[in-house]
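Right, one structure below, let's go through it.
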Amino acid sequence: MAVRVQEENFDIGAEISALRGDRTDIGAIVSFTGTVRDLGGTDHVAAMTLEHYPGMTERALAALESDARSRWPLDDCLVLHRCGRLEPGENIVLVVTLSAHRQAAFDAAAFLMDDLKTRAPFWKKEETADGTRWVEARASDDAAAARWSDHQAK
Amino acid sequence: MAVRVQEENFDIGAEISALRGDRTDIGAIVSFTGTVRDLGGTDHVAAMTLEHYPGMTERALAALESDARSRWPLDDCLVLHRCGRLEPGENIVLVVTLSAHRQAAFDAAAFLMDDLKTRAPFWKKEETADGTRWVEARASDDAAAARWSDHQAK
Amino acid sequence: MTLLYFAWVREKVGTGSETLELPDDVKDVAGLIRWLSGRDEGYAAAFAQPELIRVAVDQEHASHDAAVTEAREIAFFPPVTGG
Amino acid sequence: MTLLYFAWVREKVGTGSETLELPDDVKDVAGLIRWLSGRDEGYAAAFAQPELIRVAVDQEHASHDAAVTEAREIAFFPPVTGG
Numbered sequence: 005m006a007v008r009v010q011e012e013n014f015d016i017g018a019e020i021s022a023l024r025g026d027r028t029d030i031g032a033i034v035s036f037t038g039t040v041r042d043l044g045g046t047d048h049v050a051a052m053t054l055e056h057y058p059g060m061t062e063r064a065l066a067a068l069e070s071d072a073r074s075r076w077p078l079d080d081c082l083v084l085h086r087c088g089r090l091e092p093g094e095n096i097v098l099v100v101t102l103s104a105h106r107q108a109a110f111d112a113a114a115f116l117m118d119d120l121k122t123r124a125p126f127w128k129k130e131e132t133a134d135g136t137r138w139v140e141a142r143a144s145d146d147a148a149a150a151r152w153s154d155h156q157a158k
Numbered sequence: 005m006a007v008r009v010q011e012e013n014f015d016i017g018a019e020i021s022a023l024r025g026d027r028t029d030i031g032a033i034v035s036f037t038g039t040v041r042d043l044g045g046t047d048h049v050a051a052m053t054l055e056h057y058p059g060m061t062e063r064a065l066a067a068l069e070s071d072a073r074s075r076w077p078l079d080d081c082l083v084l085h086r087c088g089r090l091e092p093g094e095n096i097v098l099v100v101t102l103s104a105h106r107q108a109a110f111d112a113a114a115f116l117m118d119d120l121k122t123r124a125p126f127w128k129k130e131e132t133a134d135g136t137r138w139v140e141a142r143a144s145d146d147a148a149a150a151r152w153s154d155h156q157a158k
Numbered sequence: 002m003t004l005l006y007f008a009w010v011r012e013k014v015g016t017g018s019e020t021l022e023l024p025d026d027v028k029d030v031a032g033l034i035r036w037l038s039g040r041d042e043g044y045a046a047a048f049a050q051p052e053l054i055r056v057a058v059d060q061e062h063a064s065h066d067a068a069v070t071e072a073r074e075i076a077f078f079p080p081v082t083g084g
Numbered sequence: 002m003t004l005l006y007f008a009w010v011r012e013k014v015g016t017g018s019e020t021l022e023l024p025d026d027v028k029d030v031a032g033l034i035r036w037l038s039g040r041d042e043g044y045a046a047a048f049a050q051p052e053l054i055r056v057a058v059d060q061e062h063a064s065h066d067a068a069v070t071e072a073r074e075i076a077f078f079p080p081v082t083g084g
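Residue numbers (our numbering), protein chains in the order written: chain U, 5 to 158; chain L, 5 to 158; chain D, 2 to 84; chain B, 2 to 84.
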């Protein structure tokens, strides 16, 4: 089990290296990194602040990881989410999956991100020229998470 | 366009950093790393040598990348494949995709790997206790590549 | 019982955490929301559209008909937007 | 014309690259494979099962009925196993 919530930035390469160590049985490593986007123009975002629910967050991420491990043959995985104030271009979230099979590594990483987006208790507040605003949840994220409900892991 | 074939190892974190630079419009970064597996026991692999077709390899990888870019809204991508002699645990291949949309980044990376496995002119020869043997192509790789033929990019 | 509020629910209620004794007739999340809404204008604003409110009972996602009488900690928040 | 051989095709043929003049009656890949098979035992072994042989004409994947008369470079190899 490897889930972490932290204010500090993370180093994608270092996190992957720590997970793989000197293992020779893996074959496939997939990483997903989510970053703060600034669309510019009228949608210019100067920064965002990530609020979360300490205690429940770790439980929710651990549940996600456990769910992913039960669906796919993973050798290891990591879910790491930042909190606090982040500026455009900064890392927000990192998911890494290690498996003997590339499709399992891809699917598990996509599943972890989709499920995290709808289940992990994080909330984004953006700083814009018009003041601050809470980001609204998107129906497309619910749809992305729903597709795994009847997904048969391969 | 970023495709490379090289004998030297690569640094996953450094490659991702070089692609993203200080961009703030990306949102999603997916990496796939393929590594040399040693299943141990009677399937123990001491090393493998990757032969390729210089000239055609670069053309094939560039064609893959161009195909991926036409199917998904990618901000950038990288396809990097090693050649020469590699030992268990070493990196073989790296695909990185950058997009505003996480599903596009995931799908494009999976597509690049599936297509690379069936189109890029590389051949693996394994060193085992019984001598050397050429790795045989797998029907599952053909099937994985075929699913993109009628795939509608989202 | 510990009640927690996050994001704009927290801002409207005016606090992130409080400990309250619930009346005996508050049995489920929906009842708790109705009772909280009557406390003052801040709560009323936070819970004006109950369908926007997500709930966790003892740190697990729960529906509005979940029981609250045995709970130690109940949290109210908007749909999550992490990742 | 430049002919290239890779992996076990190269090992059986005994060389990775050679330049040959093709007879006039060799028009397509299948004909070229038949002609090469008759050159010596190594070629015969390499091309004994033509259905295992993949081909690139001027560095593009091609089928066994592709024309070869205008080609500059033709490569023979097993199904690829990279990645």
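Glycine included, every Cβ here is placed at the ideal spot set by N, Cα and C.
How should residue i be labelled, buried or exposed, when 16 other C-beta atoms within 10 angstroms of its C-beta is the threshold for buried?
i	result
K158 (chain U)	At K158 (chain U) the pLDDT is 45, less than 50, meaning the model places this residue with poor confidence and gives no usable figure here.
T37 (chain U)	buried
A143 (chain L)	exposed
A150 (chain L)	exposed
D223 (chain L)	Since the first residue shown for chain L is 5 and the last is 158, residue 223 (chain L) is missing from the structure and cannot be characterised.
P77 (chain U)	exposed
Q50 (chain B)	exposed
G39 (chain D)	exposed
A18 (chain L)	exposed
G45 (chain U)	exposed
N13 (chain L)	exposed
S70 (chain U)	exposed
T39 (chain L)	buried
R35 (chain D)	exposed
R11 (chain B)	buried
D26 (chain D)	exposed
P79 (chain B)	buried
P24 (chain D)	exposed
D145 (chain L)	buried
Nearest CA to the CA of residue i: which residue from the options?
i	options	result
Y6 (chain B)	B:I75, B:G84, B:V81	B:I75
T61 (chain L)	L:A124, L:E130, L:S153, L:D146	L:A124
F115 (chain L)	U:K121, U:T122, U:R106	U:R106
W152 (chain L)	L:F14, L:T28, L:A141, L:A112	L:A112
Y57 (chain U)	D:L53, D:A57, D:E52	D:A57
D41 (chain B)	B:F78, B:A63, B:E19, B:K13	B:K13
L65 (chain D)	D:R73, D:E52, D:E71	With the sequence shown as reference, residue 65 (chain D) is identified as His, and Leu is not the correct amino acid for it. Minimum Cα distance to H65 (chain D) is reached at D:E52.
R24 (chain U)	L:I16, L:L120, L:I33	L:I16
I28 (chain B)	B:F77, B:V81, B:T70, B:S18	Checking the sequence, you will find Lys at residue 28 (chain B) rather than Ile. When each option's Cα is compared against that of K28 (chain B), the closest is B:T70.
L54 (chain L)	L:A109, L:D119, L:T136	L:T136
K4 (chain U)	U:M117, U:T122, U:V100, U:R89	Chain U is shown from 5 up to 158; residue 4 (chain U) falls before or after that span and cannot be answered.
A147 (chain U)	U:M117, U:W138, U:V49, U:A104	U:M117
V81 (chain D)	D:S18, D:I54, D:G32	D:I54
M52 (chain L)	L:K121, L:V100, L:R86, L:T122	L:R86
A167 (chain U)	U:I96, U:I20, U:G31, U:E11	Nothing about residue 167 (chain U) can be read from this structure; chain U reaches only from 5 to 158.
G32 (chain B)	B:G83, B:R73, B:A67	B:A67
A22 (chain U)	U:L82, U:E94, U:E131	U:L82
P92 (chain U)	U:E140, U:I20, U:E131, U:A141	U:E131
I20 (chain L)	L:A141, L:V100, L:T122	L:V100
My understanding is that residue i touches residue j, with C-beta atoms under 8 angstroms, so please give their C-beta distance in whole angstroms.
i	j	result
W127 (chain U)	A8 (chain D)	4 angstroms
A66 (chain U)	V7 (chain U)	5 angstroms
L98 (chain L)	D79 (chain L)	L98 (chain L) to D79 (chain L), Cβ: 17 angstroms. No contact.
D29 (chain U)	D42 (chain L)	7 angstroms
L68 (chain U)	D119 (chain U)	5 angstroms
M2 (chain B)	T16 (chain B)	That belief does not hold up - the Cβ atoms of M2 (chain B) and T16 (chain B) are roughly 15 angstroms apart, past 8 angstroms.
A109 (chain L)	V49 (chain L)	Their Cβ separation, rounded to whole angstroms, is 32 angstroms, which puts A109 (chain L) and V49 (chain L) out of contact at 8 angstroms.
Return the first residue and the last residue of the alpha helix (DSSP H) that residue i is part of.
i	result
Q107 (chain U)	106-123
G32 (chain D)	30-38
Y44 (chain D)	42-47
L23 (chain U)	16-24
A150 (chain U)	143-150
A63 (chain D)	That residue, A63 (chain D), is in no alpha helix (DSSP H); its beta strand (DSSP E) goes 61-63.
S11 (chain D)	One point to set straight first is that residue 11 (chain D) is Arg, not Ser, in the sequence displayed. Taken as a continuous stretch (DSSP letters only), the alpha helix (DSSP H) holding R11 (chain D) covers 8-14.
Can you name the start and end residues of the beta strand (DSSP E) that residue i belongs to?
i	result
A64 (chain U)	Here A64 (chain U) belongs to no beta strand (DSSP E); instead the alpha helix (DSSP H) covers 60-75.
R137 (chain L)	135-138
R73 (chain B)	Here R73 (chain B) belongs to no beta strand (DSSP E), and DSSP marks it neither H nor E.
E130 (chain U)	126-132
A32 (chain U)	32-39
A67 (chain D)	Where A67 (chain D) is concerned, there is no enclosing beta strand (DSSP E), given that its DSSP letter is neither H nor E.
T101 (chain L)	95-103
E12 (chain U)	Counting along the chain, E12 (chain U) falls outside any beta strand (DSSP E), and DSSP gives it neither H nor E.
H85 (chain U)	78-86
Under 7 angstroms between beta-carbons, which chain E residues line up against residue i? List them in chain order, please.
i	result
P92 (chain U)	Considering every chain present, this structure includes no chain E. Its protein chains are U, L, D and B.
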